[in-house]
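One line per chain: the protein sequences are A and B, in this order. According to this note's numbering, the residues represented by the first sequence are 1 to 480, in order. According to this note's numbering, the residues represented by the second sequence are 1001 to 1124, in order. Note that the Cβ used here is the ideal one computed from N, Cα and C, for glycine as well.
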Amino acid sequence: MAPEITGIEPSSLKGMSPDNPDLCTLEATVVTGLEDVAAEECKEKLGVTCVQARGRIFIDVNIADVTKVLLLRSIDNVNIVLTMVKNFCFGDQRERCFEQLYKFAEKQDWRKGMRVWKDIFSYPEEPIKKVVPLKNEYCCPRPDVDLKRMKLSSPILENLPESVVPEHLRNDKGLSFVDDSLKQEENSKEPSSTAAVEAVASGPRFRVSCSRTGATHKFGSPEAARQFGAGVNEMFTWPVDLTNFDLEVLLCIDKEFVYVAISLTREPLFKRNLTNFGRTNLRATICHNMVRLATPQLGEVVLDPMCGGATIPMEGSLTHSQAFHLGGDNYGQAVKRSRDNINNLLKKGKSMVVDVAQWDATKLPLRSQCVDVVVSDLPFGKRSGNKADNRVLYYRSLVELARVTKMKTGRAVLLTYDKGSMIKNIKRVHTLWKSGASRTVNIGGLPAVIYTLYRTSQLSLSDCNKDSKASETCTDPNLK
Amino acid sequence: MKLITHNMLTSKGMKNVKEGFPLKIQAEEMRNVDIDYDRDFITRMIPKLDWKALVFAAQCVGHKEDLPDTLPDGYENDNELLKRLHHVLLEVEVISGCLECPETQRKFPISNGIPNMLLNEDEV
């Protein structure tokens, strides 16, 4: 498993150093569990070794090569990292933290970051016109606005002084309604801060997005974003716009580990293939990573027996074009969606060696031993199918897949959340499929697992399992 | 449905069917798509194909002249043949029509480019 971000050593990433003006450090987010697959793609296509952390990889690249990173198929979002501090040493008082975050804006390598940003987004002019040194201590805090969305379960609720606890949580905390006089008292203690730049704000509209993890902080993420954002706003006179922004600055705080990055992807990179969505479509990046794990070779046949909207065969045919990708589903609506998705990509001029059929995955209308690789996202039993059906479905399709998949060289990469059904059935068909490594992957918050299986040299189940109670185990479809 | 797919499809899942291959194609509507020519891919796929079935399929859809009845030796060096094969295998698609089982004559409809191979309960 990839290490937590707090285990990263910032000095190992050379792209953040001002000594390397043409090198930059990019952060590419990856679905948790597939970081090593992304690192492998990066190594293969860019020749660069990445530093892996939970849910992301860090890549040091030449600034000229940043566009190449945006073409990788295994990553979701790309940001350029400006600074990374392993031990921020947050102060004990809220006001001290605000000051640290506000002044942190001056410690970033904006020139490098904005140079890359300007290029990627084709911004027509130089975004940094002048730099105004920060004069205030920090920005006037507004907990009444910033903590509106705080939940009762928030780990930092205990750390907030009474007067700051937001209105909607005061009852639960047994605090009395705050009357206006108290509010004014807190406000009058704040340092006078010049209203953010009366001069005409110009340049890219920006926002700061903060994500904060940790139980000891005395401030919420919107408060941190406000402080840092105020610093940026005063330094560059860029206008703040939380919804229609050109530039998104990311402030990431994980306990004492803090880093700042600029987003280089307005939309996540996985939004590339689908136009017709079903109930349970898999992200194109996860599809790519699964196909990559199966290592399809030149001239091989890659099968998805339960393809839904054909997300896996489509992505496979776009990135592994030297194999033939075949998908099928029993559900008419799904195959129709597949056809529409494929046609839409064909219209855009994509060349895709892919085809779709409608079939029963437990009775595939395919010749024996004609498939080399199976890659599939099995029904989880949550939104699609159910666990009782899964127990039978997984067994029957594993047996049928063994029939069509080449002995000895064939392999399967299967994703599911229903680990129980999968593990039981892998055991039942162990004479046909040998179990390889499995990995846990975060699919929309669910801890799903990708199982890798290898075909044995046995063609079919030769003996009925006499110990099993379920009657269908004695039905060997290969004896028909 | 591409002819490369047809080369793998059978009706053997039906009871009383011994081989169920190759299925006869009755094509109503066809179309051509553009697929990048990859010589290595075609050369590597050839040993996996059932050549007779492919020729049969090509005949069904009116591409009889494109492929020889038997695969000649040294096909890896015959560029013209490889290009024609690439076209017939990957670029020709059946949009509507049906596939017919050679033993039971059961018809599997193709609509919107997708063959429906689902069997009824009594056919299993």
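Assigned with DSSP and collapsed to three states, Y1075/B falls in helix.
Residue-level contact check: G299/A touches chain B, since one or more beta carbons of chain B fall below 8 angstroms from its beta carbon. In this structure, DSSP gives M1117/B a state outside helix and strand, which the three-state scheme calls coil. Taken through DSSP and simplified to helix, strand or coil, G1020/B comes out as coil. Around the Cβ of S457/A, a 10 Å sphere holds fewer than 16 other Cβ atoms; the residue is exposed. In the three-state scheme derived from DSSP, where H, G and I count as helix and E and B as strand, H325/A is classed as strand. Taking 7 angstroms as the upper bound on Cβ-Cβ separation, chain B lies near residues R339, L346, S351, V353, D355, V356, A357, Q358, W359 and D360 of the segment 337-360 of chain A. Going by beta carbons, T295/A and R73/A fall outside the 8 angstroms limit. Residue nearest to D389/A within the set L401/A, G420/A and R367/A is G420/A (criterion: CA-CA distance). Among the bridge pairs identified by DSSP, I342/A is matched with none.
Rounded to whole angstroms, E1100/B and A1027/B show a C-alpha spacing of 11 angstroms.
Here the segment 45-57 of chain A does not lie against the segment 107-120 of chain A, with fewer than 3 beta-carbon pairs under 8 angstroms apart. The C-beta distance from L282/A to D377/A rounds to 5 angstroms, short enough to fall under 8 angstroms.
Taken atom to atom, the span from the alpha-carbon of K103/A to that of K218/A is near 18 angstroms. The Cβ of N1112/B sits closer than 8 angstroms to at least one Cβ of chain A.
In summary, H168/A is exposed, with fewer than 16 beta-carbon neighbours lying within 10 Å of its beta-carbon over all protein chains present.
Of the residues assessed, Y259/A falls on the buried side of the cut-off, its CB having 16 or more other CB atoms within 10 angstroms.
Collapsing the DSSP output to three states places Y451/A in a strand. Taking 7 angstroms as the upper bound on Cβ-Cβ separation, chain B lies near residues K363, P365, L366, R367 and C370 of the segment 363-375 of chain A. By the criterion of a C-beta distance shorter than 6 angstroms, N330/A is surrounded in its chain by D360, once the five residues flanking it on both sides are discounted.
Membership of P1109/B in the beta strand (DSSP E) is indicated by the continuous run K1107 to S1111. Approximately 6 angstroms separates the beta-carbon atoms of L364/A and P305/A; this is inside 8 angstroms, confirming the contact. The beta-carbon distance between I1114/B and A357/A, rounded to whole angstroms, is 6 angstroms. This is short enough to meet the 8 angstroms contact definition. T25/A is a Cβ neighbour of G15/A, given a cutoff of 8 angstroms. Counting along the chain, no beta strand (DSSP E) covers L13/A, and no H or E run does either. Residues of the same chain with a CB within less than 6 angstroms of the CB of A215/A, apart from the 5 flanking positions on each side, are P155 in chain order. Under the 8 angstroms criterion on CB atoms, N330/A is classed as interfacial with respect to chain B. When only Cα atoms are considered, N62/A and D22/A end up about 6 angstroms apart. If you compare the alpha carbons of V30/A, A105/A, V404/A and L70/A with that of T265/A, the shortest gap goes to L70/A. By the neighbour-count criterion, in which 16 or more other beta carbons inside 10 Å mark a residue as buried, Q297/A falls on the exposed side. For the set L293/A, R279/A and L152/A, the Cα lying nearest the Cα of L415/A is the one of L293/A.
Residues of the segment 1022-1037 of chain B with a Cβ closer than 7 angstroms to any Cβ of chain A, in chain order: V1033, D1034, I1035 and D1036.
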